[in-house]
Each structure stands twice: as C-alpha cells, then as structure tokens.
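Shown next, in structure tokens, is the structure this report addresses.
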Amino acid sequence: MPRGDAGARVVMTVQVSDPDGLSDVAKVVTDELLGGKLGGNNADLPAYFYFDPHDDGTAPDETAGDGIHSTSGQPGGKINDLNAVTMRVGVRDNSNTVVVADTVLEVGPKASGA
Ligand SMILES: [Ca+2]
Numbered sequence: 098m099p100r101g102d103a104g105a106r107v108v109m110t111v112q113v114s115d116p117d118g119l120s121d122v123a124k125v126v127t128d129e130l131l132g133g134k135l136g137g138n139n140a141d142l143p144a145y146f147y148f149d150p151h152d153d154g155t156a157p158d159e160t161a162g163d164g165i166h167s168t169s170g171q172p173g174g175k176i177n178d179l180n181a182v183t184m185r186v187g188v189r190d191n192s193n194t195v196v197v198a199d200t201v202l203e204v205g206p207k208a209s210g211a
C-alpha cells in the first residue's frame, strides 16, 4: 500500500480452494490486525478495502469462478501511522468449516514512477 497518494488504489487477490470444490466455498472476508488486535474493515486503518473479496468476474476480479477472489483498497486514515498491516482472510464453507490466513501488507513510500 503506497503512502502519500490518497488516490492510490491496490487490488488484493486471494486464491481459495476446497476439497469439495469451489462451489462449497460460502464466504470470503478480510479484516486487518493492528498490533495483534482485530481492526475490522473500515476507513480508519492503514488500508481500506471497500468490500469482501469476490469471485464473480466483476472488477477487480478478472475471471468468475476460478477460485481467485479480488477486492480493491485505498489508503486509510492510519496510512502514516504504521509501516505494515496484517491482512487476515477468513474463508467459510457450506459445512461451516473456517480457515484463516494472515499475510503482511507493507505500507510505504509512494512507488517511484507511480
Ligand atoms: Ca476470480
């Protein structure tokens, strides 16, 4: 996530699979963790993703039904407060099995040439 450009936009993609097939995936959500605490998903975070990742082929998702879920984000209210934020992705299937994965999203200076 770039710093110093309120108009910056990023796309986060999440590849999801299920042993029973992609049709068994019921819900994909993202949240941010700040200092190990769940920050939810709102505009007062280092990054703000407007909606849960989806796999229906509408932008920013490129191909419907391929298991790659996408969402768009922009700098949030705490963009200048931290150098990184942990993105948590939760996936629930139709049997209510939930899997959570965390990844660190770097926050930094605006990319050169951007
Ligand atoms: Ca897709």
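Under the numbering used here, the first residue of the sequence shown is numbered 98, with each subsequent residue one higher. Here a beta-carbon is modelled for each residue, glycine too, at the ideal position from N, C-alpha and C. Here the structure is a predicted model, which is why all the values come from computation and not from measurement.
Which same chain residues end up closer than 8 Å to residue i when comparing Cβ atoms and leaving out the 5 residues on each side of it in sequence?
i: R106; result: S169, G170, Q171
i: V195; result: G187, V188, R189
i: A211; result: Low local confidence applies: a pLDDT of 47 at A211 is under 50, so the model's placement there is unreliable, and no value is given.
Bridge partners of residue i, per DSSP?
i: D128; result: R185
i: K175; result: Paired residue(s): none; K175 is not in a bridge.
i: E203; result: A181
i: F146; result: G170
i: V113; result: DSSP output for V113 lists no bridge partner at all.
i: A198; result: V186
i: R100; result: P206
i: L119; result: None; L119 has no bridge partner.
Can you give me the Cβ contacts of residue i inside the same chain, cut-off strictly under 7 Å, excluding the 5 residues immediately before and after it?
i: D153; result: A161
In angstroms, rounded to a whole number, what distance separates the CA positions of residue i and residue j?
i: K134; j: D128; result: 10 Å
i: Y147; j: L119; result: 23 Å
i: H166; j: G136; result: 21 Å
i: L130; j: P116; result: 28 Å
i: N193; j: V125; result: 12 Å
Which whole-angstrom value describes the C-beta separation of residue i and residue j, a residue pair presumed to lie in contact below a C-beta threshold of 8 Å?
i: V113; j: G164; result: 5 Å
Give a yes or no on whether the C-beta atoms belonging to residue i and residue j are separated by under 9 Å.
i: P143; j: T110; result: no
i: V197; j: T183; result: no
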